[in-house]
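K.L.:
In UniProt numbering, the protein residues as written are 1 to 277. A virtual CB, placed ideally from N, CA and C, is assigned to each residue, including glycine.
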């Protein structure tokens, strides 16, 4: 199959971000022209869920956009903005407008991140919602992979099983990767693997089972090396895919088919119809 005919799923992109306010429509058109057929679009706060929903609805009437798959959650870097009833409001949205996943949720131990204990409480509460509503989760794991894994194990022991998810921008060890895979998680790779100095990410992208990886941009952030310092876009995903395919020494067709199939198996559906799970 020619490269122009290949299709891709961007498993992590923030189309609601202010960076797209001036040209969101054009950027979405560019993504579709590049072969991106679907995008998982997570919220970072409960107040942002309405825009996530509106964009998803709009995408179904636009053949020149990718289909946007909504996910609802409270990002660890936004918990200082949380309101007392936000978790209740989040659960109400899960009941009223079932998304494809809960996210972006997780832990962040980078310097300057919000209080870690508060992050932990909000993360655990959202994991319990994922277990209750049987939704996969989109994990934020920056400098906190081990803490995220231990939290997942603890919640799994006290709740229903969480139906897996995606560890976004994964940069842990091979052992940690396998632990997440064993819990039903896929591992997301994006612009980071285009930097030759990112040796651990590149090794993981090359060596992990093909059944365990998915592709992402995290646009407007995490730009690939050729856009360093500039805004990222979902239309860069096929170029990121070229890097991953080269690292794995496989064809782009094989990578497209595998990563698309991995997402479809995780979500059980790629439309707003009834879940196939």
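Just to confirm, is the Cβ distance from residue 125 to residue 87 under 8 Å?
P.N.:
Yes, these two residues count as a Cβ contact at 8 Å.
K.L.:
Is the beta carbon of residue 42 closer than 8 Å to that of residue 104?
P.N.:
Result yes, Cβ atoms of residue 104 and residue 42 sit closer than 8 Å.
K.L.:
Which residue spans inside the stretch 175-214 form an unbroken alpha helix (DSSP H) run of at least 4?
P.N.:
Entirely contained in the stretch 175-214, the alpha helix (DSSP H) runs reaching 4 residues are, in chain order, 199-207.
K.L.:
Keeping to the same chain, check which residues put their C-beta closer than 7 Å to that of residue 97; ignore five residues upstream and five downstream.
P.N.:
For residue 97, where only same-chain residues beyond five positions count, the Cβ hits under 7 Å are 53.
K.L.:
Skipping 5 residues on each side, what residues in its chain have a beta carbon closer than 7 Å to that of residue 159?
P.N.:
The residues are 128 and 131.
K.L.:
Can you say whether residue 16 is buried or exposed, counting buried as having 16 or more other CB atoms within 10 angstroms of its CB?
P.N.:
Counting Cβ neighbours within 10 Å, residue 16 comes out buried, since at least 16 surround it.
K.L.:
Are the Cβ atoms of residue 235 and residue 201 separated by less than 8 Å?
P.N.:
No. Outside cutoff.
K.L.:
Can you tell me whether residue 310 is buried or exposed? The criterion is at least 16 other CB atoms within 10 Å of its CB, across all chains shown.
P.N.:
Any answer about residue 310 is impossible in this case: the structure gives the chain only from 1 up to 277.
K.L.:
Give the secondary structure of residue 133 by DSSP, where H, G and I count as helix, E and B as strand, and everything else as coil.
P.N.:
Correct three-state label for residue 133: helix.
K.L.:
Are the Cβ atoms of residue 169 and residue 144 separated by less than 8 Å?
P.N.:
Not a contact, by the Cβ cut-off of 8 Å.
K.L.:
What do you get for residue 222, buried or exposed, if any count of 16 or more other CB atoms within 10 angstroms of its CB means buried?
P.N.:
Answer is buried; the Cβ neighbour count reaches 16.
K.L.:
Measure the alpha-carbon distance for residue 83 versus residue 116 and round it to whole angstroms.
P.N.:
Distance between the alpha carbons of residue 83 and residue 116 is about 17 Å.
K.L.:
Would you mind working out which of 225, 74 and 157 sits nearest residue 89, comparing C-alpha positions?
P.N.:
When each option's Cα is compared against that of residue 89, the closest is 74.
K.L.:
In three-state DSSP terms, what is residue 13?
P.N.:
Of the three classes helix, strand and coil, the one that applies to residue 13 here is coil, per DSSP.
K.L.:
Could you tell me which of 27, 257 and 18 sits nearest to residue 48, measuring between CA atoms?
P.N.:
With distances taken between Cα atoms, residue 48 lies closest to 18.
K.L.:
Counting pairs of Cβ atoms below 8 Å between the stretch 234-252 and the stretch 23-36, do you hit three or more?
P.N.:
Contact between the stretch 234-252 and the stretch 23-36 is present, because at least three Cβ pairs lie under 8 Å.
K.L.:
Which term fits residue 136, buried or exposed, when burial requires 16 or more other beta carbons within 10 angstroms of its beta carbon?
P.N.:
So residue 136 ends up on the buried side.
K.L.:
Excluding five sequence neighbours on each side, which residues of the same chain lie with their C-beta closer than 6 Å to the C-beta of residue 1?
P.N.:
Cβ neighbours of residue 1 beyond the five flanking positions: 253.
K.L.:
In three-state terms, what does DSSP make of residue 233?
P.N.:
Here residue 233 sits in coil by DSSP.
K.L.:
Once you ignore the five residues that flank residue 120 on each side, which residues in its own chain have a CB closer than 6 Å to its CB?
P.N.:
Nothing listed; no residue qualifies.
K.L.:
From which residue to which residue does the alpha helix (DSSP H) around residue 262 run?
P.N.:
It spans 252-267 - the alpha helix (DSSP H) in which residue 262 sits, taken as one unbroken run.
K.L.:
For the alpha helix (DSSP H) holding residue 105, just list the boundary residues, first then last.
P.N.:
No alpha helix (DSSP H) holds residue 105; the beta strand (DSSP E) holding it covers 101-106.
K.L.:
Considering just the uninterrupted stretch of the alpha helix (DSSP H) at residue 54, what are its terminal residues?
P.N.:
Counting along the chain, the alpha helix (DSSP H) containing residue 54 begins and ends at 49-59.
K.L.:
Let me confirm a value: residue 153 is counted as buried when at least 16 other C-beta atoms fall within 10 Å, else exposed. Which label applies?
P.N.:
Looking at its Cβ environment, which holds fewer than 16 other Cβ atoms inside 10 Å, residue 153 is exposed.
K.L.:
Give me the Cβ distance between residue 188 and residue 12, rounded to the nearest whole Å; I'm assuming they're in contact under 8 Å.
P.N.:
About 6 Å; that satisfies the 8 Å criterion.
K.L.:
According to DSSP, is residue 26 part of a helix, a strand, or is it coil?
P.N.:
Note: residue 26 maps to helix in three-state DSSP.
K.L.:
Going straight from the alpha carbon of residue 44 to that of residue 22, what length do you get?
P.N.:
If you take the alpha carbons of residue 44 and residue 22, they lie about 20 Å apart.
K.L.:
In three-state terms, what does DSSP make of residue 110?
P.N.:
Coil, per DSSP.
K.L.:
Is the distance from the Cβ of residue 186 to the Cβ of residue 147 below 8 Å?
P.N.:
Going by C-beta atoms, residue 186 is not nearer than 8 Å to residue 147.
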